[in-house]
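Those sequence lines, one after another, are chains A, B and C. The first sequence begins at 1 in this note's numbering and counts up one residue at a time. The second sequence begins at 1 in this note's numbering and counts up one residue at a time. The third sequence begins at 1 in this note's numbering and counts up one residue at a time. Think of the CB as a built atom: it goes at the ideal place given N, C-alpha and C, for glycine as much as any other residue. Since we're looking at a predicted model, the values are computed, not measured.
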Amino acid sequence: MLKSKKIIKRLIQIIFVVLAISFLSFSIMYISPTDPVRAMYAVSGSIPSEQVLEQTREELGLNKPFLVQYVKWLENALKGDFGISISEGKPVTKLLSTRVIPTIQLALLSLLIMLIIAIPIGIYTALYKNTSLDYFLRGGTFVFISMPNFWIGLLLLYVVAMKLKLIPVVSTEITFQKMLLPAFTLAITMSGKYARQIRAAILDELSQDYVIGARARGLSERKILWFHIMPNAILPLITMLGLSLGSLLGGTAVVEVIFSYPALGSLAISAITSMDYPLIQGYILWISLIYMIVNLLVDISYSKLNPRLRKEAI
Amino acid sequence: MYNCILEAKNITKSYIKNKKILDNINLKLEKGKTLGIVGESGSGKSTLLRILCGLEKSDSGQILFKKQDITSLKGENLRIHRKNIQMIFQDSLSAFHPRIKAWQAITEPIRNYNHFSKYELKSKAIELFNCVNLPLELLENYPNQMSGGQRQRLAIARALALEPQILLCDEATSALDVRIQAQIIKLLADIQRQRNLSIIFVCHDLALVKSISHNIIVMNSGHVVEYLSSDNLITQVNDEYTKSLLNASFFINY
Amino acid sequence: MSKSQKRCLFFLILVIIIIGIGVFAPFIATHSPYESDLSNALKAPSYEHLFGTDKMGRDVFSRVIYGARTSISSTLILVCTIVLVGGTLGVISGYFGGIIDTFIMRIADIMVSFPGMALAIALAGVMGSGIINAILAIMAVSWTKYSRLARSLVLKIKHKDYILAAILYGTKKSRILLRYILPEVFPTLVITAFTDIGGMMLELAGFSFLGLGAQSNSIEWGYMLNEGRTYMQSAPWLMIFAGLAIFITVTAFNLLGDSIRDLMDNNTINTAVYDKKIQFKSVVKFVLVAICFVFIFGITTNNKKPVLDNDKHLNFGCYNYSDSLDPATNVNSSWCGTRYGITECLFKFDNEVIAQPNICDTYRVSDDYKVWTLHIRENVFFSNGKPVTASAVKASIERLYEKTDAQKGGTGNSNPEIYLKYKSIVADDKENTVTITCETPTANLTGILAYPYFSIIDAEVADSEIIGTGPYCVKNINTGISIDMIKNEYYWNGEAAYDSVTIIFIEDSATKSMALQSGDIDLAENITTISDLDKLATDNKYYISTSAGVRTGNSYINFNGILKNDTLRKAIIMSLDSKTMCDVTVGGMYTSGFSVLPSSLSYNYDKLINPYPYNTLKAEQMLDNAGIIDTNGDGIRELDGENININYIAYSSRNLNDFAEAIALQLNKIGIKVTVTVCDYDTATALQNAGEFDLITANTTTVGTGDPQDFLGGWYSKNSKSYGYYQNNEYDKLYEQLKITLDTKIRKEIITKMQQILIDDAATIVHGYYNSRMISNSEKVKNAEISTVDYYWLTKDIAPVLGENND
């Protein structure tokens with residue numbers, strides 16, 4: 001039962017860290033020089049008198065001391081109530097929850113596509129090291145890592161949706177088609193990094209003793225590649241995948257804006273520009289929680305998959 | 001003449017709860033003599049050595065150097081005390097930084113306590129080289145450009161740089177060929193005679209230990225199971241473990 | 001030298017060349033990167049301007065060259081900081097272990113738990129924009145990687161024998177760190193840093209793209225990309241060259257980093273002698289299998305037809321201002337209801353922004369303008385079939401006030417009380433009248449009630465759905481994505497032309513334009529990317545309806561500062577080419593004008609006279625004659641012995657910062673120095689209230705409720721401390737008179753006179769009037785006109801083009 005003890009310990013750590021994060025973000029909002037009430041009215045274009053501003057501040061409880069506000073917020077948060085969004089008028093929880101699933105879908109699809117691109121490239125460039133195919137493929141991935149992702153996005157949108165008319169520019173439902181282009185854009189920019197990683201990992205493994213041993217035992221090259229080398233090479237990738245998944249969950253704002261894909265990233269940006277602090281708070285908390293849980297899952301699967309590990313993978 | 005230069009009393013140490021790697025160890029090192037410590041892997045020998053020279057702290061117990069308690073020395077005091085006890089490691093390659101030249105490596109210790117010019121340091125290095133019978137062409141070499149035996153001599157040279165009174169050898173010969181082992185052992189014996197150096201020699205090879213030690217401790221799973229004086233090794237043996245070690249070792253009857 | 005060493009050297013030289021271009025920029029650039037010439041704006045690449053000119057008429061080639069300095073140096077600073085901070089913390093953490101280690105690693109955990117870009121955006125949003133803040137923000141989330149790396153490297157060698165030996169022979173901790181640990185850690189960190197430079201540069205560019213990084217006063221590639229984006233189709237050279245610059249630099253650094261790493265790694269012995277053909281086949285198989293998976297994934301999630309397409313259905317692309325349609329939620333939500341044709345008010349603004357009867361058909365008002373009796377039109381129904389009775393109207397208005405009153409537990413953020421405070425509302429269902437008794441004499445109640453806050457909705461169900469009286473009603477809301485609407489069968493004012501309408505939310509203007517061109521939408525509001533607009537304008541297939549709107553963009557003048565000098569002010573106004581700025585610099589987003597009230601309103605714009613038309617020569621003469629000249633040859637005129645330096649605060653909304661920049665450049669030409677500071681709205685407002693500006697931009701809806709009195713109050717001396725301390729006794733008298741005049745004709749006259757006073761006094765710099773637009777595919781949609789006041793988008797008149805062109 002050692003394993004579950006560690007998991008519980010980890011969960012406690014997560015709670016502690018998430019609390020710390022919420023405190024930090026709350027303080028940042030509190031200290032920031034911008035006045036959320038004024039920003040609220042700024043959205044409408046007309047600032048009422050100072051009197052009305054003050055009144056609204058009272059109504060929203062903004063004049064109470066810092067800790068009181070924080071504790072109140074925490075109380076509500078534990079009940080699942082993150083307050084009402086200033087800019088939308090809807091409960092924050094509702095706003096966030098409608099966007100969580102599309103975000104996860106987009107993130108997973110991006111990773112999937114990225115792996116489809118990166119693994120073959122990684123394998124080829126490793127096996128054909130220093131041949132022209134290697135340079136060509138690596139050159140290609142270079143090109144894509146070196147371009148800003150919004151460029152690639154706009155380009156793809158222009159070419160595929162407009163010129164080729166393969167996919168509608170906008171659509172009303174979150175269909176697979178709608179996800180494809182943004183996922184592809186994200187995948188391309190990530191694939192270079194992973195292809196390089198896979199290449200390096202495979203090259204490392206190739207020089208290991210066990211490969212020579214396997215060959216000596218008469219195993220076919222194909223079996224060696226897929227059943228011996230790849231499992232070992234992929235292992236360090238899992239941690240990277242975890243990190244990438246995390247960052248995808250939070251920061252795909254640019255791509256979302258271009259493709260009008262309603263996920264958490266664009267929600268965050270609009271929340272920030274309108275200084276919608278309940279929404280910002282809720283967003284930060286949700287994202288951190290999701291991110292840490294994803295990391296925990298990654299670590300668990302990592303330690304399960306890697307028999308060499310006897311101690312904690314953490 | 002009984003002159004105890006280093007004494008360990010009731011040393012206990014454990015890394016994981018309930019598993020003691022050293023349990024109530026007592027030992028005495030006579031000045032100018034060699035104490036051999038025999039045991040298999042996991043018996044706690046290396047940990048004991050590290051505690052003796054202050055690289056690690058024991059959980060309980062005392063260490064006395066020339067009758068003075070040095071167990072709780074720290075900071076600058078500890079650093080100054082270090083001049084007295086030096087150690088030689090099993091793997092000579094990892095004991096040296098790969099990108100520092102031989103003569104620099106062995107004079108590093110001196111640099112920590114004095115300010116000498118490069119010239120003075122170089123001559124000091126030559127002196128040390130001669131001490132350990134290393135050819136002077138190797139002065140400018142890197143440690144990985146020497147043989148194992150040469151490197152171990154280098155390690156000894158470095159250990160001698162501070163003119164310590166105690167030298168700890170942690171399996172110093174275990175990674176060397178048999179003939180080279182003999183050379184090193186002989187070197188150690190010579191140095192001991194010349195400088196009245198006290199040596200603790202840790203090894204798993206009973207025969208080897210016997211050839212250099214005046215007294216022997218046998219350790220098993222964190223305990224000292226036998227104290228022996230090397231002359232009457234075979235006759236004195238009582239403990240079952242030691243007996244099995246004796247039987248297991250290859251003796252050339254002399 | 002080995003092959004990999006040669007490669008490394010090659011890329012190193014390449015990188016040095018690129019850095020050198022930045023360093024030696026003054027010798028390479030053909031023009032000054034700041035020199036602007038508005039008449040030469042947006043010219044294609046030519047011999048004189050190798051990369052063309054940008055929207056201010058500046059030479060793009062020189063800007064790209066100079067941009068290398070900022071872009072590369074900021075990236076290098078960023079990376080260095082990250083390495084130093086992360087590396088140091090990692091070494092400390094790894095070497096000293098214990099509590100310090102736990103502490104640092106926990107902090108790293110926390111930082112890592114913030115999704116990088118999101119936190120960086122949040123930090124930049126809180127600390128303000130600017131390169132330095134962007135660097136700090138990115139650093140705050142990126143150092144963890146290096147600290148972990150450093151820590152693991154330290155841990156790797158911490159227990160090595162030679163470290164133990166070193167401790168043993170008395171080496172001090174500091175020396176061990178310096179001599180042993182650092183040389184082990186440092187090279188790897190540096191190599192990793194090299195491979196990260198490219199990525200960091202892209203991150204900074206991403207920041208500028210979102211508007212959080214470099215601002216307009218710095219020359220930086222990412223920012224240039226952002227600027228150029230609005231001209232993507234009409235002036236692509238703006239984006240191409242800056243993008244290429246980033247691309248080449250990033251590639252060079254990446255290649256360098258890679259080759260360095262390869263150099264270090266070249267110890268691996270390649271023992272692979274593989275049968276390559278077999279590998280090829282197996283990898284292809286893998287890819288095919290994976291693609292099959294993706295398709296299965298796709299097919300199972302894709303089972304709805306994305307967009308309806310028949311004759312009586314309209315797809316309307318809009319920017320999503322609010323997810324809510326409830327007028328009580330906030331301003332934007334109330335506007336959404338009327339814009340989408342779902343809700344209506346008692347009155348409605350016509351194209352001259354005069355409130356006309358709508359749901360209320362006749363009304364009486366008491367002589368003191370306090371008691372208004374409004375008769376509700378007969379046979380008006382909500383879209384759910386319920387009749388709109390006087391009580392229903394009363395209920396709707398009362399609900400609005402209840403929902404926005406926090407003391408009563410209301411959660412709405414709208415503030416109707418700034419427009420109307422009433423003592424009582426009485427509904428008489430027999431007579432079908434609603435009587436409102438206002439607290440103070442309110443001459444303009446009709447205009448107030450035409451404001452979207454006061455939309456008449458079914459108060460009984462309003463908490464769950466918004467039911468109005470407009471031509472369309474909501475069938476289904478897909479939050480954040482779209483709204484499906486159907487025709488309101490009970491519509492009182494004729495028949496809605498479409499059976500169904502889908503409003504599709506599109507955040508990005510370029511995407512909106514593309515959607516229109518690809519046929520995914522047939523109607524779009526306000527495309528603000530200039531190049532897209534141009535493209536659609538030249539294509540006969542699309543009809544663009546433009547209206548000069550009701551928003552004025554202007555800059556308030558601080559009369560307590562240097563600009564109280566009349567000559568200076570008037571000369572300034574004379575030296576500004578307002579038309580070019582409106583047409584070119586901001587790409588036609590504004591209609592040029594010289595009065596504070598838009599020309600589209602009915603306040604006699606055509607009768608006004610502009611005594612200071614654009615004439616740079618005359619402006620300079622005026623200044624020379626008044627003795628405001630440059631005596632010491634530094635190019636800047638002096639007033640009262642000091643160089644004129646105007647402090648211009650701008651915020652970036654609706655192109656205001658573009659105006660500020662363009663004005664600064666024009667004034668610089670005639671010897672008046674202007675320093676533009678772009679900040680966010682709140683900081684700007686704070687500065688405005690504190691009076692710390694010479695010029696400050698503003699953009700205001702002049703006739704929110706159909707009457708410009710409030711807007712004009714900004715120049716009333718009792719109010720004007722927030723607007724620059726303007727004072728004119730005659731203006732004050734007129735304003736006071738206006739406040740108590742209730743006769744509309746007389747009001748109009750007074751307002752006309754007030755405008756002329758402001759013009760004559762050069763009381764403010766008027767930039768223009770913000771244009772609203774409605775763009776439609778004329779082959780499918782007709783009558784798509786935009787109204788002057790942008791509360792109304794989807795009207796009942798917008799209709800499909802039916803006939804032989806059925807798709």
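Check your understanding: Does the beta carbon of I116 (chain A) sit closer than 9 Å to a beta carbon anywhere in chain C?
Key -> yes
Check your understanding: Name the DSSP beta bridge partners of D289 (chain B), please?
Key -> Here chain B has residues from 1 to 254 only, and residue 289 (chain B) is not among them.
**Study point:** Closer than 9 Å to chain A by CB, T251 (chain C)
**Key:** yes
Exercise for review: Identify, in the order they occur along the chain, each residue of the same chain with its Cβ nearer than 7 Å to the Cβ of G228 (chain C), setting aside the five sequence neighbours on each side.
Suggested key: L238, M239 and A242
Practice item. Find out if the Cβ-Cβ distance for the pair I5 (chain B), Q165 (chain B) is shorter than 9 Å. Key: Yes, they are a contact pair.
Point to revise | C-alpha gap between L111 (chain A) and R175 (chain C), whole angstroms | key: Those two C-alpha atoms are separated by around 46 Å.
Exercise for review: Look at P800 (chain C) and L314 (chain C) and say whether their C-beta atoms are less than 9 Å apart.
Suggested key: yes
Point to revise | Residues that R195 (chain B) contacts on chain C, provided the C-beta gap is smaller than 8 Å | key: Correct list: empty, because the minimum Cβ distance to chain C is about 17 Å.
Check your understanding: Span of the alpha helix (DSSP H) holding A650 (chain C)?
Key -> Unbroken run through A650 (chain C) is the beta strand (DSSP E), N645 to Y651; no alpha helix (DSSP H).
Check your understanding: Hey, is the region 413-432 of chain C in contact with the region 335-346 of chain C, meaning 3+ C-beta pairs nearer than 8 Å?
Key -> no
**Study point:** Within the region 253-293 of chain A, ranges of the alpha helix (DSSP H) (whole runs, at least 4 residues)
**Key:** Correct list: 253-259 and 264-273.
Check your understanding: beta strand (DSSP E) containing F349 (chain C): first to last residue?
Key -> F347 to F349
Point to revise | Cβ neighbour criterion (16 or more within 10 Å) applied to C80 (chain C) | key: exposed
**Study point:** Residues of its chain near F10 (chain C), where Cβ-Cβ distance is below 7 Å and the 5 sequence neighbours each way are ignored
**Key:** none
Check your understanding: Is the Cβ of I167 (chain C) closer than 9 Å to any Cβ of chain B?
Key -> Taking Cβ atoms only, chain B reaches closer than 9 Å to I167 (chain C), which makes this a yes.
Check your understanding: Got a sec, what are the start and stop residues for the beta strand (DSSP E) Y119 (chain B) sits in?
Key -> No beta strand (DSSP E) contains Y119 (chain B), which is instead part of the alpha helix (DSSP H) from K118 to C131.
Review point. Quick one, which of A:L267, A:Q281, A:L279 and A:P236 has its alpha-carbon nearest S301 (chain A)'s?
Key: If we check each option's Cα against that of S301 (chain A), A:P236 comes out closest.
Point to revise | Separation of L623 (chain C) from N645 (chain C), as counted between CA atoms | key: 15 Å
Check your understanding: Quick one: what's D484 (chain C) bridged to in DSSP?
Key -> C:N476 and C:T502
Review point. Would a C-beta distance cut-off of 9 Å place M581 (chain C) and D534 (chain C) closer than the cut-off?
Key: no
Check your understanding: Should P262 (chain A) be flagged as near chain C, meaning a C-beta pair shorter than 9 Å?
Key -> yes
Practice item. Establish whether the CB of I188 (chain A) and some CB of chain C are separated by less than 9 Å. Key: no
Practice item. Using three-state DSSP, classify K57 (chain B) as helix, strand or coil. Key: In this structure, K57 (chain B) counts as coil in the three-state DSSP scheme.
Check your understanding: Would E620 (chain C) be called buried (16 or more neighbouring beta carbons within 10 Å of its own) or exposed?
Key -> buried
**Study point:** Span separating the alpha-carbon of Y605 (chain C) from that of P278 (chain A)
**Key:** 45 Å
**Study point:** Distance between L29 (chain B) and K67 (chain B) (C-alpha atoms, nearest Å)
**Key:** 12 Å
Practice item. Could you tell me which of C:Y792, C:T697, C:K753 and C:E220 sits nearest to N554 (chain C), measuring between CA atoms? Key: C:T697
Review point. Nearest-angstrom Cα distance between G808 (chain C) and S174 (chain B)?
Key: Since the first residue shown for chain C is 1 and the last is 807, residue 808 (chain C) is missing from the structure and cannot be characterised.
Check your understanding: CB D59 (chain B) to CB K13 (chain B), shorter than 9 Å?
Key -> yes
Point to revise | Collapsed DSSP secondary structure at N108 (chain B) in the structure displayed | key: According to the sequence provided, residue 108 (chain B) is Glu. The question's Asn does not apply to it. Note: E108 (chain B) maps to helix in three-state DSSP.
Review point. Distance, Cα to Cα, L19 (chain A) vs D109 (chain C)?
Key: Going by the C-alpha atoms only, they are around 13 Å apart.
Exercise for review: Would you mind giving the Cβ-Cβ distance between N565 (chain C) and L639 (chain C), rounded to the nearest angstrom? I have them listed as a contact below 8 Å.
Suggested key: 6 Å
Check your understanding: Once you ignore the five residues that flank I157 (chain C) on each side, which residues in its own chain have a CB closer than 8 Å to its CB?
Key -> I163, Y180, I181 and E184
Check your understanding: For the candidate residues C:I132, C:V190, C:K160 and C:L177, whose alpha-carbon lies nearest to that of Y146 (chain C)?
Key -> C:V190
Review point. Where are the alpha helix (DSSP H) runs, 4 residues long or more, that stay fully inside the region 607-691 of chain C, in chain order?
Key: 616-625, 656-669 and 681-690
Practice item. Starting from the beta carbon of D258 (chain C), find every residue of chain B whose beta carbon is closer than 7 Å, and list them in chain order. Key: Those within 7 Å of D258 (chain C) in chain B number zero; the least Cβ separation is about 25 Å.
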